[in-house]
Every structure is written in C-alpha cells, then in structure tokens.
Amino acid sequence: MNQTTSKQTFKRLSKFYIIALSIIALLTLACIFSIQWALYQQSSKAHVINIAGQQRMLSESLSKIALIIQLNNDTKERLKYVNKLSRILTLWKKHHQGLQLGDAELGLPGNNSAIIIQKFAHLQPHYQAIDIAAQNLLAIIEQDGSPLTADVLLFIKKIVTEQVTFVQLMDEIVSQYETEALIQLNQVKIITAILAFSIFLVLLLEGFYIFRPTIQKIQQIIQDLLKAEETLRNIVEGVSATTGADFLQQIVEYLAKTLQVDYVFIAQLKIDDPNQMKTIAGFAHNSRFEMVYDLNNSLCEEVLYGNTLHAYPQAVRQAFPLDTMLLERKIESFFGTPLFDSSGSVIGLMIIMDSKPAFNQKLIKSMLQIFATRISAELERVQALEALQQERASLAQHVQDRTAELTLANAELARAAKLKSEFIANMSHELRTPLLGILPIAEALQEDSCNPQQAQSLNLIVENAHRLHSLIKDILDFAKIDEVELEINPISTKALSELCLRQVKILAEKKQIEISSTIDSTIMQADERYLKQILVNLLNNAIKFTPEGGTVKLDICSDTKLGMLDLSISDTGKGIAKQDMERLFKPFVQLDAGIDRKQGGIGLGLTVVHRLTKMHGGRMTVESEVGKGSRFTISLPWEPKTNIPLLTNRK
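Okay, so the sequence shown: first residue is -11 according to this note's numbering, each after it adds one.
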C-alpha cells in the first residue's frame, strides 16, 4: 500500500469533496429557482400585457359602437348596440380596475412599478371622461328611448374624442409593461450566467484541489497493489501444486526471496517441552534452516501469546535486549504473527526478520496477514490428516471385526428367512389340505335337500372356508413376494381383461353389482400371471366395498406420448378418507379394522398389488372421495406396435 497516504489526508479530501458538492447543489438549486421564478414572472407579465392590449381594443370598441349608434336610423338595431355598449363598458371598467389594483378572477397581480402607476394617473382623467360620457349616453337612451338629441350627440363625440388620447396613453402603458418584462428577463439571464460560472469555478477548484491529488494517490495505490499482486502471483504459482511440509517450505522460501529479507520461518511448540519452539519450515540467507529456541524473555513469546501481529520495522534489538536470537543474528527489523486453528487456538507462529530496517513494512504486513490464514489452514489440515490416518487404522480394524460379525449375522438371517419360507409353505399346505377336503363336501351338501337351519349352517361353512382359503393365499403371496421372478411376455389387453372379468362375475352377481369395461385393445409386455393377480385383486376389492346395486368399471387406455398403459378400476363404494390414504399400502392394515367390521381379509391384498406393480416398473395411484367411490390406477411402461419385451426378467 502507499506509505504516504494517511487517514487524515483521505478525511480532508472527503471533507472538501462534500463541501464542494454542497456548494454545487446549492448553486444548482438557486439557478433552477431563478429560472422557474423568471418563467413564472414572464408568464404573469405576458398575461398582464395581454389584458392591457385587450383594454386598448375595448376602448376602440366603445368608440366604434358609439358612432354606430349615431349613424344607425333603425330604432331596434340602435337599441341592440346600446346593450352591447353597456356590456363592453362593464368589461372595460373591470379590466381598468384589475390592471391598477389587481383582480384574482382575471389573474392580475396589481403589483405595478412606479412608472406604470404614474402613467395610469395620467390616463385616469381620460378614462373617467369616457366612463361618464358612456354612462350618461346609456342613461338618456334608456330614459327617452332612442332619439338622437343634442346631448346624445355630445356624449358620443366626447367618447370618440377621449378614446384617441386613451389609446395613445394605453399604448405607452403596454410598452412599459413589455420593457419591464424584458429587463427582468435580462436580469435573470445575468444571474443564471453568474451561477453557471460559479458552478464551473467550483468544479474547476474541485478538480484541482480534490480530484487531482486523489487520482495521484489512486495511481500510487494501484502501483502498490500491482506490485503486491505480482508478489502474490509468484508465490501462489510456486506453491500451488504442493501440500504439507513442502508447501510450508516453499512459502517461506518465496517470501524471503520476494521480500528480500534474511529470515522467514514457521514454528510450533515442542510437544515434550512447551517452553521451546521448533521450526517446521525455515529459510535464511538463501538456504533452508532448522532451529530450536527458548521462549523465555523472547519476542516470539510475546507474539505467541499476544494474539496479534507484531511489527518492529527497526531497532528491535534495543526494544528486546534479552532476546538472544535477535542479538546473535543482529536482527534490526522483526514481523511476527500467531497462527490460529478454526477454533481460535494458537497452533504456531510465522516470523519475518532482517538485519536491516524494513522500508516496505506495509507490504510485509500484508503478506503476513494473507498467508497466515492459509498456513494456519494447512497446519490444521496436516494435523487433521494425521489424526485421520490414526482413526482410519483404528476404523479398519473395527470394520474387519464388524464384517466378521455381519457375515455371521447375514448367515443367520438367510437361515431364518429360509426357515420362514419353509414354515409358511408348510403351514399353508397343512391348512389348505383339510380345508380343500371340507369345502367340496359342504358345497355338495348344499345341493341336497335340507331344512333352513341346515342350509344356513352350510352357507356359513362354505363362506368361511372360502374366506380362510383366500387369507391363506394372501399370506403365502405376501411371504413369497420378494422371491417372485417375473416372466415378461406379450399380453393382449382384451383377452386379459375378459379373463379377469369372468373370474369376478359370480361375486358381482351375488351383490347385484353392474360391471362395465372400456378396453384399449393393444399388446403390452408383462407377467400375465401376476398382472392377472393385480387386476383380480383390485376388482375383488372394488366389488367387496361397493354396496348392492352399485357399479364397478375397468378401463384400459394407452398414452403414446408418455409411453404408459393405464389400467383403472373404479367403483361407487363408500370411498376412502384422506387421512387413511397413507396407510392404504401398509401390510396388515384394514381401514375398517373394528371388531364389527363387515369385510374380510387381513390387509395384504393392496400391499401385494403395490409391490407387484413396482416390480413391473410401474406406479399405482388412488383417487377417492368419501361417499362417492374410489379409482385405483396401475400405470405400466408401454410401447405401441411391438412385441419386444420392455422389461427384462427380474426379481
């Protein structure tokens, strides 16, 4: 940074700059005010001149109408001009009074100059003579009708005679108004020119006394910054590819060479002796060096525990006569800063020393402040890396031990899973064997003649046997869902839908439920067995939760743009509440799970459907409104006009 630039200089320049701007602002405002005032005055003067001109024309009109009255022999026409004379006389008198005394209605200020007031005084006798003659003329005509008597002719002559003098004097007044307006405009121009010159003068002085020295100082600062930038670039380019100890060593070497000093080093406290420091990177007299030194009575001790940068550009030995390191090396200038980790703890220090006074102390301080943070981060990184390596060694052993434990646990889990599958398969077999023996007998007995009580008992046996068979099937499907291996083949949507609808037809007829379908006949790729299970399960659910007389509909439609085939089952059942949607696909969950629930099942059907849909690479969505019904949609990947499987066989 520029050593000659001080805070006082910048404050002084800032103060002058603010004063100059204030003066310019005031002068500018004064100029604007003057211009606006002049415009207002000119507008007012123009209006006054216009009214004065009208007054002259009104006086001429009075004279002309008086002559017309004299020359006109038609009584009616003469009376009409008499009325016109009365109106013009009233307006003429109003203008005359307004020009002298002011009139807000006419927009006349009445602030006339002494000259104009004097001219109006000269005009006044002629004005009064015309006014009196006109008033008498009107009075005689209104009293006697319209005969042209000698008095009438006398008054007309008086009006005409005085009008000539009135017009001449009125012309002088108008001319005086115009002269005064022009003088006022010239005065404003002079004031504006003075203000503009003042602004220019202030700008000139501002440029000479403020901007010129500021630009000079900025140029000096830029030169210093360029030098510092070059120094930083050289150092960064030299150390950018290194880390750890090599990085620290290259930093001190580049700093020593760039700043042209004798000593640059980085040191840390010894682990076994906190009263001593050891260099971890050092450069002195164009070569690397290492040293261990005592902190007692040393400047380094003050730097280490002072928590701030210490700068002694000269005579440092006189300031610290007991520091043997300074004395032995004949150090004249000293700069040092502590190094902190991310928690704010001191982890070392960085020192720059020279045997001659430092004339570039600003640059040295900047370099210390810039690189202290980077060096601190590197020291902390090295320490963290060492700790990490130790932790990795410990973790590797721990991982090895845990791997052995997990291997054993996985083996036990695999064995347990196998036992679970075997247990479920055996349980299903043991349960279904007697059940399949009971069911045909009960159904056969239903066909024989029996009394109502026996028929009711047989119906109960058959219904519960079918229900138990369905529960066993759901449990077995759920248990083996993770072992399912899909066999993807081309399937006709029309054939599949007809098969599924036939399978649920009897159940729907029992509840008098109408089943309809809209099928987009196409070929899709899926596992026919499990896709049939998905549709039948959803159709059964729709029929189960739809009251008697309701409707169930199957829709299959394709979307070429999205490449999806949507299989939708909708019903007019009781619907599903919003708060129950999240629990819909959880296993062993029934939405009517009370003791008196009407529908059977253990809550596995939708879980199996959801899992099978995801295994096909599809998604399952639900739309429902309580009291109006539900709509379940299975969306599967689909490509039109192809029999090439879209999905590989998968588990």
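For every residue, glycine included, the Cβ atom is placed at its ideal position computed from N, Cα and C.
How many angstroms separate the CA atom of A514 from the CA atom of P625? A514 and P625: Cα-Cα distance of roughly 9 Å.
Bridge partners - S715, DSSP secondary structure assignment: No answer is possible for residue 715: it lies beyond the span of the chain, which begins at -11 and ends at 639.
By how many angstroms is the C-alpha of G90 removed from the C-alpha of L170? Counting only the Cα atoms, G90 lies some 21 Å from L170.
Leaving out five residues on either side along the sequence, give the residues of the same chain with a beta carbon under 8 Å from the beta carbon of K107. Excluding residues within five positions, the ones whose Cβ falls inside 8 Å are L157, E160, I161 and Q164.
Does the contact criterion of 3 or more C-beta pairs under 8 Å hold for the segment 117 to 130 versus the segment 176 to 186? The segment 176 to 186 and the segment 117 to 130 do not touch, with fewer than three beta-carbon pairs separated by less than 8 Å.
Counting only the same chain and skipping the five closest in sequence on each side, list residues whose C-beta sits under 8 Å from that of L572. Contacts found: I564, L579, L594 and V610.
Using a Cβ-Cβ cut-off of 6 Å (strictly less than) and excluding sequence neighbours within five positions of T621, which residues of its own chain qualify? The answer, listed in chain order, is D554, S556 and T609.
How would you label D584, buried or exposed, when you count the other beta carbons within 10 angstroms and need 16 or more for buried? Because D584 carries a pLDDT of 38, less than 50, the predicted location of this residue cannot be relied on, and the following value inherits that uncertainty. With fewer than 16 Cβ atoms within 10 Å of its Cβ, D584 is classed as exposed.
If you draw a straight line from the alpha carbon of N71 to that of N99, how long is it in whole angstroms? In a straight line, the C-alpha of N71 is about 33 Å away from that of N99.
May I ask you to report which of helix, strand or coil DSSP gives N452? The answer is helix: DSSP assigns N452 an H, G or I state.
Between the beta-carbon of V291 and the beta-carbon of P262, is there less than 8 Å? Contact flag unset, no.
Evaluate the contact criterion for the segment 44 to 60 versus the segment 9 to 23: three or more CB pairs, one atom per stretch, below 8 Å. They do not touch, by the three-pair rule.
Report the option in E627, I319 and L310 whose CA atom is closest to the CA atom of Q302. Per the C-alpha coordinates, the member of E627, I319 and L310 positioned closest to Q302 is I319.
Would you kindly work out how many angstroms separate the C-alpha atoms of M552 and E374, rounded to a whole number? Rounded to the nearest angstrom, the two C-alpha atoms are 56 Å apart.
When burial is assigned at 16 or more other CB atoms within 10 Å of the CB, is E241 buried or exposed? Counting other Cβ atoms within 10 Å of its Cβ, E241 reaches 16 or more and is therefore classed as buried.
Do F154 and L87 have their C-beta atoms closer together than 8 Å? No, Cβ-Cβ distance for F154 and L87 is not below 8 Å.
Can you give me the start and stop residues for the alpha helix (DSSP H) that I182 sits inside? Counting along the chain, the alpha helix (DSSP H) containing I182 begins and ends at A138 to E194.
G270: buried (16+ other C-beta within 10 angstroms of its C-beta) or exposed? G270 comes out buried.
Going along the chain, which residues of its own chain have a beta-carbon closer than 8 Å to the beta-carbon of L15, five neighbours each way excluded? Spatial neighbours of L15 in its own chain (CB-CB distance under 8 Å, excluding positions within 5 residues in sequence) are listed in chain order as L183, S186, I187 and V190.
Is the segment 329 to 341 in contact with the segment 352 to 372, if contact means three or more CB pairs nearer than 8 Å? In short, these stretches touch, since the Cβ pair count reaches three.
If S505 sits next to K541, beta carbons under 8 Å apart, how far is it from one beta carbon to the other, in whole angstroms? Sure, about 7 Å apart at Cβ, within 8 Å.
Reduced DSSP secondary structure (H/G/I, E/B, other) of V249: Shown here, V249 sits in coil according to DSSP, grouped into three states, outside any helix or strand.
Using DSSP with H/G/I as helix, E/B as strand and the rest coil, what is I426? Collapsing the DSSP output to three states places I426 in a helix.
Cut-off 7 Å between Cβ atoms - residues of its own chain near Y300, not counting five sequence neighbours on either side: For Y300, where only same-chain residues beyond five positions count, the Cβ hits under 7 Å are A307, S321 and F322.
Nearest to P97 by alpha carbon, out of K532, Q42, S32 and G425? Per the Cα distances, S32.
Thinking C-beta only, is V492 closer than 8 Å to L527? For L527 and V492, yes; Cβs fall inside 8 Å.
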